[in-house]
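Numbering (the numbering used here), first residue to last: 110 to 316. Take a look at the structure set out below.
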């Protein structure tokens, strides 16, 4: 990823964002042909480094591609928004697009099936907690037959992260007046895409 120095985010910020987002695009190479799938994931940091854990449908041949060519890229995209030149206080500006993006490169391996249930339980628990006070769903609510069928239908994948690249493009190279003016104009647009972008920007500015 091309990252201008003004927009570069440190590794911890990038990993915190990726872990919170929990959804990305896994890209692999099938003899020179790029293949991608969009997947939820878990991010784990420990003494053995950073690891991403996810799964694909067994019918998705991405796991076979990875078994043959384990170098992969997991991209995680955050909120983004168009920035109009009219929003700057400085004249003679150009249109641009601001966004948050994390690229995690690494070496992937296919996990044995016997570990899939633990993976599914941890992955579902991660996202069920965002729905509280709803009682969390667990695989224990499934019949044994359905649970076994689910596990046979998926293939777990673990990625050992070897490179972290992250870009927080918020117009940091612009003047304080220009940045404030852009924020005011985005706030007038209300919620939706602009609102999600502003939430991330304001959180970053408070640090």
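Built from N, CA and C at the ideal position, the CB exists for glycine as well. If you're wondering where the values come from, they're calculated on a predicted model, not measured in any experiment.
Residue 214 sits in a strand when the DSSP states are folded into three classes.
By the 16-neighbour rule on beta-carbons within 10 angstroms, residue 147 is exposed.
A straight line joining the alpha-carbon of residue 261 with that of residue 224 spans about 11 angstroms. Distances from the CA of residue 191 to each of 163, 307 and 315 were compared; the closest alpha carbon is that of 307. Residue 241 carries a coil assignment under DSSP once its states are collapsed to helix, strand and coil.
Taken in chain order, the complete alpha helix (DSSP H) segments of 4 residues or longer contained in the stretch 252–296 are 253–261.
With respect to the 8 angstroms criterion, residue 164 and residue 263 are classified as neighbours on the basis of their beta carbons. Annotated as proximal: residue 161 and residue 270, with beta-carbon spacing under 8 angstroms.
If you check the CB distance, residue 185 and residue 217 do not come in under 8 angstroms. The stretch 190–207 makes contact with the stretch 284–297, as at least three CB pairs between them are under 8 angstroms. Judged by DSSP secondary structure, residue 120 falls outside any beta strand (DSSP E) and instead within the alpha helix (DSSP H) spanning 120–130. For residue 296, the closest alpha carbon among the candidates 311, 286 and 283 is that of 311. For residue 207, the three-state secondary structure derived from DSSP is strand. Following the DSSP letters along the chain, one finds residue 154 in no alpha helix (DSSP H) but inside the beta strand (DSSP E) bounded by residues 151–155.
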